[in-house]
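Just so you know, the sequences run in chain order A and B. Quick note on our numbering: the first sequence kicks off at 34 and runs consecutively. Quick note on our numbering: the second sequence kicks off at 6 and runs consecutively.
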Amino acid sequence: KQEVTQIPAALSVPEGENLVLNCSFTDSAIYNLQWFRQDPGKGLTSLLLIQSSQREQTSGRLNASLDKSSGRSTLYIAASQPGDSATYLCAVDHNQGGKLIFGQGTELSVKP
Amino acid sequence: GAVVSQHPSWVICKSGTSVKIECRSLDFQATTMFWYRQFPKQSLMLMATSNEGSKATYEQGVEKDKFLINHASLTLSTLTVTSAHPEDSSFYICSASSGGAETQYFGPGTRLLVL
Numbered sequence: 034k035q036e037v038t039q040i041p042a043a044l045s046v047p048e049g050e051n052l053v054l055n056c057s058f059t060d061s062a063i064y065n066l067q068w069f070r071q072d073p074g075k076g077l078t079s080l081l082l083i084q085s086s087q088r089e090q091t092s093g094r095l096n097a098s099l100d101k102s103s104g105r106s107t108l109y110i111a112a113s114q115p116g117d118s119a120t121y122l123c124a125v126d127h128n129q130g131g132k133l134i135f136g137q138g139t140e141l142s143v144k145p
Numbered sequence: 006g007a008v009v010s011q012h013p014s015w016v017i018c019k020s021g022t023s024v025k026i027e028c029r030s031l032d033f034q035a036t037t038m039f040w041y042r043q044f045p046k047q048s049l050m051l052m053a054t055s056n057e058g059s060k061a062t063y064e065q066g067v068e069k070d071k072f073l074i075n076h077a078s079l080t081l082s083t084l085t086v087t088s089a090h091p092e093d094s095s096f097y098i099c100s101a102s103s104g105g106a107e108t109q110y111f112g113p114g115t116r117l118l119v120l
């Protein structure tokens, strides 16, 4: 059974710091992995999607990497800003059917 | 990007009543829609997958007679929580895609509080 774990559960950093969020999954046979952002009481915003054949994806200050063999992904946020404060979720599509399995999320707080 | 809406955004109801939540894809045809539930401080758990014109496929542990899903058109899926109880209070989020493995676009969620 696929399980997704995110570490740390919460993170507080001063503005301007670079930071890394971690995601691990138990079964390396994934179709893709996505990183989402969720603001309190809101839905999800897709940040980056990495196909199983890819190693990384970049969008602005965000860079996500994928190491399928070790079952790990990282989300790197450069020059963090208070507006980056949110919960970040990673999810894997395990069977190509679009059924996403989510991690518990990392709650990020960026202090001005 | 594609837009998915949900209605209502929040609802309060008495125990024993039924509540219907709508999920609409506004600018694309959603062949597949997914319904998730999220309890406070927890992650999203998939409840069911619905394909337009077909019966929904429910995840293990989700009662199909309690959570009725209808996906009658390519732009609308509904989730009806029948005989709601306080333990059904949660944040319900839908997502839609143009095919099972295509990018999913998430709705803003519906917060349900059952008194």
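Even for Gly, the Cβ is constructed at its ideal location relative to N, Cα and C.
Query: Nonlocal neighbours in the same chain, by C-beta distance under 7 Å from A:R88, ignoring five residues either side; Result: S98 and L99
Query: Whole-angstrom distance between B:T83 and B:G66, CA atom to CA atom; Result: 20 Å
Query: Cβ shell of B:Q109 (< 6 Å), same chain only, five flanking positions each side left out; Result: S100 and S102
Query: Cβ neighbour criterion (16 or more within 10 Å) applied to A:V53; Result: exposed
Query: A:S85 versus A:A119 - alpha carbon distance; Result: 26 Å
Query: Short CB-CB distance (under 9 Å) between B:S48 and chain A; Result: yes
Query: Short CB-CB distance (under 9 Å) between A:Q137 and chain B; Result: yes
Query: Where the beta strand (DSSP E) through A:H127 begins and ends; Result: First-last for A:H127: undefined, no H or E at that position.
Query: Beta-carbon proximity list for B:S30, same chain, < 6 Å, skipping 5 on both sides; Result: V9, T80 and A101
Query: Touching by the beta-carbon criterion (3+ pairs, under 8 Å), the stretch 86 to 97 of chain B and the stretch 131 to 138 of chain A; Result: no
Query: B:G114 versus B:I17, B:G104 and B:I98, residue with shortest Cα-Cα distance; Result: B:I98
Query: Beta-carbon proximity check, A:Q67 vs A:L44, cutoff 9 Å; Result: no
Query: Length of the line joining the Cα atoms of B:G104 and B:Y41; Result: 17 Å
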